[in-house]
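Counting from 1 along the sequence shown, just add 105 to a position and that's the residue number in the working numbering. We treat Cβ as the ideally placed atom computed from N, Cα and C, and that holds for glycine.
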Amino acid sequence: MAGFWRSALGDDQSGFRLVVGMCLFWVGPLMFGAMGVLAGRPGMVLWSVVAAVGWVLAWTVMIVRHRRCGPGERVDLTPTVPMILPGVLMVAGVVGALMSF
């Protein structure tokens, strides 16, 4: 676990911000999903699920990249190409949930 955060800190300032932001991103889909359930809006729930799937995929990319590196080695946790799909899903999910108010 310490190696993961070492890679996050070594990934320059924007990489560290992305990893910390990923730790906080789950609040949005959870909030939109709860509001959709309580308000009876299935579209909002669907979009929050899309955002949550993107969040899980992004964490999967970061953790898999960390697990593939050697002991004590630093690796780029926020590669551009593998993070395109998770990023699009997260942004589309949040925007879709906001638009379905």
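C-alpha distance - residue i paired with residue j, whole-angstrom precision
{"i": "V193", "j": "G177", "result": "32 Å"}
{"i": "G138", "j": "L151", "result": "8 Å"}
{"i": "R172", "j": "V186", "result": "18 Å"}
{"i": "M188", "j": "G126", "result": "14 Å"}
{"i": "L143", "j": "M149", "result": "11 Å"}
For residue i, three-class secondary structure by DSSP
{"i": "G126", "result": "helix"}
Own chain residues within Cβ distance below 8 Å of residue i, not counting five before or after
{"i": "M195", "result": "F130, A156, G159, W160, A163"}
Residues of its chain near residue i, where Cβ-Cβ distance is below 6 Å and the 5 sequence neighbours each way are ignored
{"i": "C174", "result": "V180"}
Contact check, residue i vs residue j, beta carbons under 9 Å
{"i": "P134", "j": "V200", "result": "no"}
{"i": "R170", "j": "P147", "result": "no"}
Close beta carbons around residue i, own chain, < 7 Å, minus the five adjacent residues each side
{"i": "P191", "result": "G159, L162, A163, V166"}
{"i": "S153", "result": "P134, F137, G138, G141, G198, A202"}
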